[in-house]
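Enquirer: Residue numbers (the numbering used here), protein chains in the order written: chain A, 1 to 319; chain B, 1 to 319; chain C, 1 to 319; chain D, 1 to 319.
Below is the structure I would like to discuss, written out as C-alpha cells.
There are 4 protein chains.
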Amino acid sequence: MKPVSHIKIKNGMRVNELVRQMDLAGVLGSGRLGKAVSICEAMIKDRYCRVFIGLAGPLVPGGMREIIIDMIESKWVDAVVATGATLTHDLGEALGYRHYQGTANIDDAELYKKGFDRVYESYMPNKIYEGMEDFIAHNFDSLKGKKSIKDFLWEIGRLTPKKSILKACYENKIPIFCPAISDSGIGLMMWGQLAKGKNVDVRAFEDLKEIMDIAWTAKKCGVIYFGGGVPKNYIQQAMQLAPKSASYGVQVTMDRPEPGGSSGAELREGISWGKMNPKANFVDLICDATIAMPIIYAALRERIKQKYDSKSPSSPFSR
Amino acid sequence: MKPVSHIKIKNGMRVNELVRQMDLAGVLGSGRLGKAVSICEAMIKDRYCRVFIGLAGPLVPGGMREIIIDMIESKWVDAVVATGATLTHDLGEALGYRHYQGTANIDDAELYKKGFDRVYESYMPNKIYEGMEDFIAHNFDSLKGKKSIKDFLWEIGRLTPKKSILKACYENKIPIFCPAISDSGIGLMMWGQLAKGKNVDVRAFEDLKEIMDIAWTAKKCGVIYFGGGVPKNYIQQAMQLAPKSASYGVQVTMDRPEPGGSSGAELREGISWGKMNPKANFVDLICDATIAMPIIYAALRERIKQKYDSKSPSSPFSR
Amino acid sequence: MKPVSHIKIKNGMRVNELVRQMDLAGVLGSGRLGKAVSICEAMIKDRYCRVFIGLAGPLVPGGMREIIIDMIESKWVDAVVATGATLTHDLGEALGYRHYQGTANIDDAELYKKGFDRVYESYMPNKIYEGMEDFIAHNFDSLKGKKSIKDFLWEIGRLTPKKSILKACYENKIPIFCPAISDSGIGLMMWGQLAKGKNVDVRAFEDLKEIMDIAWTAKKCGVIYFGGGVPKNYIQQAMQLAPKSASYGVQVTMDRPEPGGSSGAELREGISWGKMNPKANFVDLICDATIAMPIIYAALRERIKQKYDSKSPSSPFSR
Amino acid sequence: MKPVSHIKIKNGMRVNELVRQMDLAGVLGSGRLGKAVSICEAMIKDRYCRVFIGLAGPLVPGGMREIIIDMIESKWVDAVVATGATLTHDLGEALGYRHYQGTANIDDAELYKKGFDRVYESYMPNKIYEGMEDFIAHNFDSLKGKKSIKDFLWEIGRLTPKKSILKACYENKIPIFCPAISDSGIGLMMWGQLAKGKNVDVRAFEDLKEIMDIAWTAKKCGVIYFGGGVPKNYIQQAMQLAPKSASYGVQVTMDRPEPGGSSGAELREGISWGKMNPKANFVDLICDATIAMPIIYAALRERIKQKYDSKSPSSPFSR
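Now the structure itself:
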C-alpha cells in the first residue's frame, strides 16, 4: 500500500508539476485528477488506441472552445461526439458572436427583454439565432442532401467562415457525431426550412455505421467524457462493439451515480455491459468540466509534444 | 408572509393528505413536492393547456413503468419525449424480460459473465438484446420506411406484443419523440440491419415539424420533467415557439445548476430564453425521480378522476 | 434474484401502502425509501435495540418539528444528537416565534433590512435572538452550573414554556447531545453572558461518558441519520464502543460520498471502522430530509402502534 | 458586459498563469476558481483584514497537510477553525503514522480485519488510536487543566513531536478552534481518561470569548471555507459580531444549497444574517477541496511573497 504524499507547492510551479504532485497524493479529487491526466496521456500516446471524446454541458459558453479546437487539431482524438448545444454555441462564435460574463442572480424577465439567453452565469445574445438562420438559409442547398448527421456537420464546418470546432473536425477529417442534432439551435434553424415545406435527407440512424466501424476496427479504444448525456452514452454504446471494449477511460462529471442515470454512472458499471474492459485503466473525476479541462489539457500539452497525423479513422490498418 | 406549518402525521394517512401537509409546510424539499403536485394538477385540469412530459433516467429499471403507462392512458399528457434507453427498457419488458434487484457493490466483471448489465443497482439481463434483435429483424420491413422517429416509435408500439409505454402512446395517439433514438438498444438493433446493407428512411429533423406544431398551436403549455437530458431540452426548445411559452412547469432532477448544463438548469433560467412565461407557475424539485414520481402520481390520482379524451394533439382547435 | 416490481397506484392510497409498493420495486431511490422504513420499523420494534437519531440541517425551518417531537414522545429513540442550529430553531419556536415561507431568489440585503435571516427559502425573524437573549439571561443562574451539555440542554427543555424538542427530551428522559452547542444561537446567547464576565461550568468532554455508556451497555444499537455533520459523526463514534457496533442503520442525506467527508460517507464505510456490524441491516437514502422524514414517519406511524416505555437509557439492564 | 475569453494553454504554463486565464474566462467553475484566487489574494494582502479559515472534510487523508501548515506558518490566516477529525488526522501523522492510497470498491469487513479505517478511498491505520491513546495518557496532566478548547489544542500542538497543523498554530500564536472536539479521535482518547474517573476542565463555551473578540475588534474580516460543517458555521456566527461583517469570502464546497443546510448555503445567504457585508467580494466555488486547495495555494504562492508577521490576533491594535 502506498502512503498518501502531501502535496508540496513551490513558487512559480507549472501546472504539470502540480498535477504530478496530485498524482503522488493519489486519493480523492486531487489523486483522481492526477490519474486522469496520466490515463489521457497513455491513451493518446498509445499508437494502437483510438480515442473517442464526448462533449456535453456549457463548454463553449464556459471558455473551453480553444482547448477543444487545439485537441482536435493536434489529432489527439479520433472521433468526437457532442451535444447539439455545444455545436450551436460553437457555430455562433464562428459567425462572430460572443458569450458574456453574467450572474445567476438576475431577473430573467429583464434579461429576456435585453435579448440575452442565460446559461447559468454565461449569457448568449439572442441575436445569435438570426445569424444562424441566415447561415442555414444561405447554405441550405448544400446541407439538405447529406445523408448522415456527420456529413451534415462536416459540411457546416466546411462552410463556417472562421475557426471552429466543426471546422477543425472537417479539416482534420475527424468524424463528429451528434445524434440529437435536432435538439439544438441548429435543429431549430433546420425546422425553419422544413416549415417552409423544404425537404432534408439527413437520416437518424445513418451515423451508426461509421462510429461502430471505428470501434469495431480499432485495436484498442480510449474514451474521454467531459459531461454525460448523449455524447457519453453514444460512445459507450460503440464500446460494446469494440473487440476489447474500452482499454482507457476518463470521465469528468458533476452528476452523481445513485439516481442511476447514464450521465452519473461510474465507468466501472460499463464493465458489466462489455463497454469497459475489466483490465482497463480508468478514473471517474467528480469535477466541473470547466475546471478540469484546462488543467488536464495544460498538463497534457507539456507531456505530449507530438501531433498524431496517422490518428485518423480512415487509416485503421496503418496502426 | 405565511408561516411554515409543521407537518402533522396521523395514523393511516393517505398520500394525498400528506402531500397537502407538505404544501402547507411550504418550503424546501417538502414544500416543493407539495407545490409540484398542485402545479401538475392545475396544468392537467386546464383544458386549454397542452402537457409535455420529458422522461430521462432509469425510470423503467426503477419500477415506474406502470405509472407512466397510466398517465399516458389517462391522456393527462399531450406529448412524450423520452431517452432511447427508456424506450429500450420498455420494449424489453414488453417482450417479456424483467429488470432485477441488485446492488452497486458488486464485481462488474462477474456480472458481465453472468449476463447482466448494471444500471446502478438494477440489473438488466443481456439476453434482452437477443429478443430485441429478433423483434426488429422480424418487423424491419414495416419499420424501415417510416419518415419520422415518432412514426417509427408508434409502429414499434403497434407491433409490441404486450402493454408498454410505446403501445400506450400509439393506441392513445399521443405523439412520442426521441431525438437521440440512434443512441439506444433500439438504435443498436437498427445498426444491425444497416450493417447488412439495408436502408432505413427515418429522418433526423422530421419530428421537429410535429412537436413545434403542437407548441405553436397550443393556447397554453405545461411541462413536466422527470430527469433532464435531451427530453427536457427538446421540450424546452419547443416552448420557444409556443405563443405564451410554458405557463406551468415541474422539474424533478438530482443534477445541480452550477455546472451550467441544461439538465440541472433551474426552470427560472428558461424565462431569459422565452421558454418559460415570466408569470408561469413552476417549481424545481431536487429529488430522485423514482421517489417523486410515485408520490406525485398517487396524489394526482386522488385529485384528478377524469380521463381527458380531448387531450389529443390531433384536435388542437377543439379546445 | 428478485425482479423489479413496477409500482401500482390506486386511488386514495395510504402512505404506508405506497411505501410497501416501493419496497417491492426494490431498487434506486424508491426501493431504498421502502427499505429505510422497514429498517426503522425493525430497529424500533427490537426490544434489545437502542436507537440513536442524528438531526442536522434545517429540519425545524422545514416543518419537521412536530414529527421529531412525536418520535421522541413515542420513545422510539433512546438518544438524540442534534446540531446547535436545530435546537436554536426549536427554542425559538418554543418561545413563540415562527419560521416563514420565502424564496431563495431574493435580495438578501433587503431581507436583512426587513429583519429576516434566510435559511435557503425559509425565513427566520431576527427578533428570535432578542427572545432567546431574554430567556437565557433570565434563566442563566440555573443553566451556568450544569456540568454536561446534555444537562444544560435538559434544563433548557425544563424551562421552555411550550412544547419543544428539548422539552420532549427532558420530560421523557431521553438524553440529547449537541457537542458543538457553542456554534449556535444558544451559544451566542451564552457568549453574551460570558462577555459580561460571568462563568459557565459546562464541560466540553463531559457528555462522552453518557453517550459511550449507552452504546457500551446496549445489546444492540440502531442509528438513524437525517443529515450528516456532527450528529452523525458523534453517534458513529459511539458505535465504535458498542459491543456489536450498529446492527441497524438508516441514513438520509443529499451529500455525496466522493469528496470523502463524514456527512456523505456511505454507511458501509463504517464497517471498516467497527462502527457498523458487517451483518447489519442498513441503507443509504439519497433524499432531502424534509421529503423523506414525513414519508418514513407516516409509514412507521401505521406500522408501530406501541409506545416504548422501557426504551429509556436509564434502564439498560431491564432489556 | 465582458465577453467570455476562451482559455489559451501554452506549453509549460505555470499554475498562476492558468488561473489568470480562468479569471479572464470569467464564468462557471473556471471563472469562479479564478475569482477565488483573486479574493484570497486581496484579503491576505489587506493589512486591515483578519482572515478566518474553516477546514472540514478529509484534508489530511487527502494530502493537503503541508499546504495548510504553510498557510499558517506564512501567517496568511489569523484564526483557524477545524473539525475534530482534521486535528485527529493531523495528530496521527505528527505521531508518525501515515494515510494510505486505497479504493472505495473494497470489502469493508476485510479492511476492518486488516486494521484500516476507510475515508472514502484513503485508508487510516487503526493503530493510530494506540499512538494517540499513549500520547494523551502521557500528557494528560498538562492537558486536563486547560479551560478553553483553544488552549487545549495549543497545548497538544506544543507537545506534538513533529511538525503539524496544531504545532504551527501554537508556534505562530494562531488561535485554533474546534467546537466539536469531543466528536473526534482526540475526544475518544479524552473519554478514555474520563472513564477512569479523571477530571477535565475544558469548557464548552469558553472559546466564544476569543473568536468573538477577534471578529469584534477587526477593522475588516475575510473568510475562507474549505468544506462546511461546524468550522464554516462557527466563523459565520462570529461574523455577526464583526463591525462590518465579512468583507471578503471564498467558499469551496461540494454540498448543494437547496436542502438548506449551512454547509451548502451560498455565501450570499449570509448577507440576510449580517454575516456577510452586502458590498463584500465573495465567491462560491463548487469543487472538491482537494482539487481547489492546491491550485488556489499554488497561484497565491506566486502572488504573495510576504510573510505577515503582524497578522497575529495578539496585536489587534497594531492594525
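Don't be surprised by glycine CBs; every beta carbon is placed ideally from N, CA and C.
Over what stretch of residues does the alpha helix (DSSP H) that includes residue 87 of chain B continue unbroken?
Expert: Taking the first residue of the second sequence as 1, we reach residue 87 of chain B at position 87. Start and end: 84 to 94.
Enquirer: Closer than 9 angstroms, Cβ to Cβ, to anything on chain D: give me those residues from the segment 19 to 34 of chain A, in chain order.
Expert: Result list: 21, 22, 24, 25, 26, 27, 28, 29, 30, 31, 32, 33.
Enquirer: Opposite residue 221 of chain A in the DSSP bridges: which residues?
Expert: For the purposes of this step, residue 221 of chain A is taken as the residue at position 221 of the first sequence. Paired residue(s): A:50, A:246.
Enquirer: Can you pull the chain B neighbours of residue 8 of chain C, defined as C-beta to C-beta under 7 angstroms?
Expert: Counting from 1 along the third sequence, the entry for residue 8 of chain C is found at position 8. Simply 66.
Enquirer: Comparing the C-beta of residue 2 of chain B with each C-beta of chain C, is any distance below 8 angstroms?
Expert: Locating residue 2 of chain B in the second sequence gives position 2, where the first residue counts as 1. It does; some Cβ of chain C falls within 8 angstroms.
Enquirer: Output yes or no for whether 8 angstroms exceeds the beta carbon distance between residue 62 of chain A and residue 217 of chain A.
Expert: For the purposes of this step, residue 62 of chain A is taken as the residue at position 62 of the first sequence. For the purposes of this step, residue 217 of chain A is taken as the residue at position 217 of the first sequence. Not closer than 8 angstroms, so no.
Enquirer: Looking only at C-alpha atoms, which of C:288, C:282, C:274 sits nearest to residue 113 of chain D?
Expert: Counting from 1 along the fourth sequence, the entry for residue 113 of chain D is found at position 113. Nearest of C:288, C:282, C:274 to residue 113 of chain D, Cα basis: C:274.
Enquirer: What is the rounded straight-line gap between the Cα of residue 128 of chain C and the Cα of residue 88 of chain C?
Expert: Taking the third sequence and counting its residues from 1, one reaches residue 128 of chain C at position 128. Taking the third sequence and counting its residues from 1, one reaches residue 88 of chain C at position 88. Computed Cα separation, rounded: 9 angstroms.
Enquirer: Helix, strand or coil, according to DSSP, for residue 314 of chain C in the structure here?
Expert: Here residue 314 of chain C refers to the residue found at position 314 when the third sequence is read from its first residue. Residue placement at residue 314 of chain C cannot be trusted, given a pLDDT of 44 that sits under 50; the coordinates are not used to answer.
Enquirer: Below 8 angstroms on the Cβ atoms is my contact criterion, and I expect residue 263 of chain A with residue 179 of chain B to pass it. Report the Cβ-Cβ distance as a whole number of Å.
Expert: On the first sequence, position 263 is the one that residue 263 of chain A refers to. On the second sequence, position 179 is the one that residue 179 of chain B refers to. With 8 angstroms as the limit, residue 263 of chain A and residue 179 of chain B do not qualify as a contact, their Cβ atoms being about 16 angstroms apart.
Enquirer: State the start and end residues of the unbroken alpha helix (DSSP H) segment that holds residue 35 of chain A.
Expert: Taking the first sequence and counting its residues from 1, the one referred to as residue 35 of chain A is at position 35. Counting along the chain, the alpha helix (DSSP H) containing residue 35 of chain A begins and ends at 28 to 45.
Enquirer: Relative to the C-alpha of residue 48 of chain A, which candidate in A:284, A:288, A:299, A:215 has its C-alpha closest?
Expert: Reading the first sequence from its first residue, position 48 is the one you call residue 48 of chain A. Selected option, being the one with the closest Cα: A:215.
Enquirer: Alpha carbon to alpha carbon, how far is residue 304 of chain C from residue 41 of chain C? Give it in angstroms, no decimals.
Expert: On the third sequence, position 41 is the one that residue 41 of chain C refers to. On the third sequence, position 304 is the one that residue 304 of chain C refers to. About 7 angstroms.
Enquirer: Do we get a CB-CB distance below 8 angstroms when we pair residue 120 of chain C with the residues of chain B?
Expert: The residue given as residue 120 of chain C occupies position 120 in the third sequence. Yes, residue 120 of chain C lies at the interface with chain B (some Cβ there is under 8 angstroms from its Cβ).
Enquirer: Could you say if the segment 182 to 194 of chain A and the segment 206 to 214 of chain A meet the contact criterion of at least three C-beta pairs nearer than 8 angstroms?
Expert: no
Enquirer: With a threshold of 8 angstroms between beta-carbons, can residue 187 of chain C be considered close to chain B, or not?
Expert: For the purposes of this step, residue 187 of chain C is identified with residue 187 of the third sequence, where counting begins at 1. Chain B, which has no Cβ nearer than 8 angstroms to the Cβ of residue 187 of chain C, makes this no.
Enquirer: Indicate whether the contact test is met: 3 or more Cβ pairs, each with one atom in the segment 68 to 82 of chain D and one in the segment 231 to 242 of chain D, closer than 8 angstroms.
Expert: yes
Enquirer: Terminal residues of the continuous beta strand (DSSP E) containing residue 283 of chain B?
Expert: Position 283 of the second sequence, counting from 1, holds the residue named residue 283 of chain B. Note, residue 283 of chain B: beta strand (DSSP E), 276 to 286.
Enquirer: Count the other C-beta atoms from every protein chain shown that fall within 10 angstroms of the C-beta of residue 107 of chain B, then say buried if there are 16 or more, exposed otherwise.
Expert: Counting from one through the second sequence, the residue named residue 107 of chain B turns up at place 107. By the neighbour-count rule (16 or more Cβ atoms within 10 Å), residue 107 of chain B is not buried but exposed.
Enquirer: Which residue marks the beginning of the beta strand (DSSP E) containing residue 119 of chain C, and which one marks its end?
Expert: Position 119 of the third sequence, counted from the first residue, corresponds to residue 119 of chain C. 116 to 119 is the extent of the beta strand (DSSP E) around residue 119 of chain C.
Enquirer: Given a limit of 8 angstroms on CB to CB distance, which residues of the segment 247 to 273 of chain C reach chain A?
Expert: So the close ones are 256, 258, 259, 260.
Enquirer: Would you say residue 358 of chain A lies against chain C (beta-carbon separation less than 8 angstroms)?
Expert: Outside the shown range of chain A, which is 1 to 319, sits residue 358 of chain A, and nothing can be said about it.
Enquirer: List the residues of chain C that residue 132 of chain B touches, going by C-beta distances under 7 angstroms, in chain order.
Expert: To locate residue 132 of chain B, count along the second sequence from 1; it is residue 132. By Cβ distance, chain C contributes nothing, its closest Cβ being about 18 angstroms from residue 132 of chain B, past 7 angstroms.
Enquirer: Taking C-beta pairs closer than 8 angstroms, name the residues in chain B that residue 15 of chain C reaches, listed in chain order.
Expert: Counting from one through the third sequence, the residue named residue 15 of chain C turns up at place 15. Within 8 angstroms Cβ-Cβ: 13, 14, 15, 18.
Enquirer: Let me know if residue 142 of chain B comes out buried or exposed under the rule of 16 or more other beta-carbons within 10 Å of its beta-carbon.
Expert: What you label residue 142 of chain B is simply residue 142 of the second sequence in a count that begins at 1. Result: exposed.
Enquirer: Pull the bridge partners of residue 202 of chain A from the DSSP assignment, please.
Expert: To locate residue 202 of chain A, count along the first sequence from 1; it is residue 202. Beta-bridge pairing links residue 202 of chain A to no other residue.
Enquirer: Applying the 10 Å Cβ sphere with the 16-neighbour rule, what's the burial state of residue 86 of chain A?
Expert: As a working note, residue 86 of chain A is residue 86 in the first sequence. Result: buried.
Enquirer: Mind the definition here: the segment 194 to 207 of chain D touches the segment 142 to 153 of chain D only if three or more C-beta pairs lie below 8 angstroms; say whether that holds.
Expert: Enough Cβ pairs lie closer than 8 angstroms, so yes.
Enquirer: Please determine, among B:120, B:231, B:118, B:97, the residue with the shortest C-alpha to C-alpha distance to residue 131 of chain B.
Expert: Within the second sequence, residue 131 of chain B is the residue found at index 131, counting from 1. Ranking the options by Cα distance to residue 131 of chain B, first place goes to B:97.
Enquirer: Determine the extent of the alpha helix (DSSP H) in which residue 308 of chain D is found, giving its start and end residues.
Expert: Looking up residue 308 of chain D in the fourth sequence gives position 308. In the DSSP annotation of this structure, residue 308 of chain D is not part of any alpha helix (DSSP H), being labelled neither H nor E.
Enquirer: Please work out which residues of its chain come closer than 6 angstroms, Cβ to Cβ, to residue 16 of chain D, disregarding the five sequence neighbours upstream and downstream, and give them in chain order.
Expert: Walking along the fourth sequence from the start, residue 16 of chain D turns up at place 16. Excluding residues within five positions, the ones whose Cβ falls inside 6 angstroms are 299, 302.
Enquirer: Kindly indicate the opening and closing residues of the alpha helix (DSSP H) around residue 294 of chain A.
Expert: One-based indexing of the first sequence puts residue 294 of chain A at position 294. Segment 289 to 303, the alpha helix (DSSP H) holding residue 294 of chain A.
Enquirer: So, is the C-beta of residue 194 of chain D closer than 8 angstroms to a C-beta in chain C?
Expert: Within the fourth sequence, the letter at position 194 stands for residue 194 of chain D. Yes, residue 194 of chain D lies at the interface with chain C (some Cβ there is under 8 angstroms from its Cβ).
Enquirer: Determine the chain A residues that contact residue 205 of chain B at a beta-carbon separation under 7 angstroms, and present them in chain order.
Expert: Taking the first residue of the second sequence as position 1, residue 205 of chain B is located at position 205. Neighbours of residue 205 of chain B across chain A, judged by C-beta separation under 7 angstroms: 182, 187, 190, 191, 194, 200, 202.
Enquirer: Indicate the three-state DSSP secondary structure (helix, strand or coil) for residue 240 of chain A in the structure shown.
Expert: For the purposes of this step, residue 240 of chain A is identified with residue 240 of the first sequence, where counting begins at 1. The answer is coil: DSSP assigns residue 240 of chain A none of H, G, I, E or B.
Enquirer: Hey, does residue 233 of chain A have any beta-carbon neighbour from chain B nearer than 8 angstroms?
Expert: Position 233 of the first sequence holds residue 233 of chain A. By this cut-off, residue 233 of chain A is an interface position.
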